[in-house]
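Residue numbers (the numbering used here): 7 to 377.
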């Protein structure tokens, strides 16, 4: 593949150095391409034709669903650590890179944090390349793909992981995927590799040893690597043959654990943070019959939503999205307790729901502890 010409980037157009797909991906992550459909009255909604009503439904659903990552105490902590590591790194195979791994239960929001960090890094590294071009020190590239993000969907070998990375870069692989990946890194200017759902690798066997070693090779090669998974203790301490243990020991000496907990409600400050989060979703609801007073959802149902979701971000997102869809489908155009009660969430948070909500309604559920 012939090198692409070096663009003369300026402060205003450095994002043009990125591929069309990467720029579109950034816009999706930050919801830059999602217009607010606006609010309508019940009378205006009733007066719409079938086609107009469906167009409005699609637009308001998209506006709610495409919400960017919202700041919480957990998000601020995790994103702050990732940014600090990023700002301290340089691209050099003379300096090995330590590897942060986000560790948390399913549903705490790890993937959205990773995607947001990836988008931030694409923008930051595009600016760095534009400066290098301006200074006359940029190397010619076939294409500029500074960040590659992949999501593992099932058991994978080291070659499967490498091929997945090459596919994401649009780079062909052959019998030696590792060598193909080296060429892709060099020709695409890759600096950051993000691998989500790393627990899908069988770390207690030969595959686990190989993946430990290939991730270590990436960091020795000068690449920054970020991992995420649901059970880092198993990933790093699964045992196995002496060779597997040696590979895991090498990873334990380089991987930086970044815990991502669910949102708790043990203090007044945590309650305020949670209500702010619910309010952020409230401001994106476009329901024709919703109350006009500010905080109508957060103040009335914020604590209830925590009791229902147990503080799992993904469950909160699902609860509000389905409640909004139900309000539109039934024609009520608002959300009340009955709407929320009729929504079923993920299996984990539905367990013992009846007992939890009975305690909540009786005022005996420990939603809030001491300030």
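C-beta atoms are modelled at their ideal positions from N, C-alpha and C, and glycine is treated no differently. The structure presented is a predicted model; accordingly, all values stated were derived computationally and were not measured.
- Per the coordinates, the alpha-carbon of residue 85 lies some 15 Å from the alpha-carbon of residue 129.
- Nearest C-alpha to residue 267 among 344, 110, 179 and 184: 110.
- Spatial neighbours of residue 305 in its own chain (CB-CB distance under 8 Å, excluding positions within 5 residues in sequence) are listed in chain order as 281.
- For residue 38, DSSP assigns no beta-bridge partner whatsoever.
- A distance below 9 Å separates the beta carbons of residue 105 and residue 260.
- DSSP, read as helix, strand or coil, puts residue 97 in coil.
- Non-local beta-carbon contacts of residue 72 in its own chain, meaning distances under 8 Å to residues more than five positions away in sequence, involve 34, 37 and 40 in chain order.
- Rounded to the nearest whole angstrom, the CA to CA distance from residue 107 to residue 329 is 34 Å.
- A Cβ-Cβ distance of about 25 Å is found for the pair residue 88 and residue 290, leaving them out of contact under the 8 Å criterion.
- Here residue 237 has 205 as same chain residues with Cβ atoms under 6 Å from its own Cβ, once five neighbours each way along the sequence are excluded.
- Across the set 48, 175, 287 and 20, the C-alpha of 48 shows the shortest separation from the C-alpha of residue 338.
- The region 315–335 and the region 345–364 touch, with no fewer than 3 CB-CB distances between them shorter than 8 Å.
- Residue 80 counts as buried, since no fewer than 16 other beta carbons sit within 10 angstroms of its beta carbon.
- Contact annotation, residue 322 with residue 76: C-beta distance approximately 10 Å; criterion of less than 8 Å not satisfied.
- Per the C-alpha coordinates, the member of 134, 318 and 178 positioned closest to residue 22 is 134.
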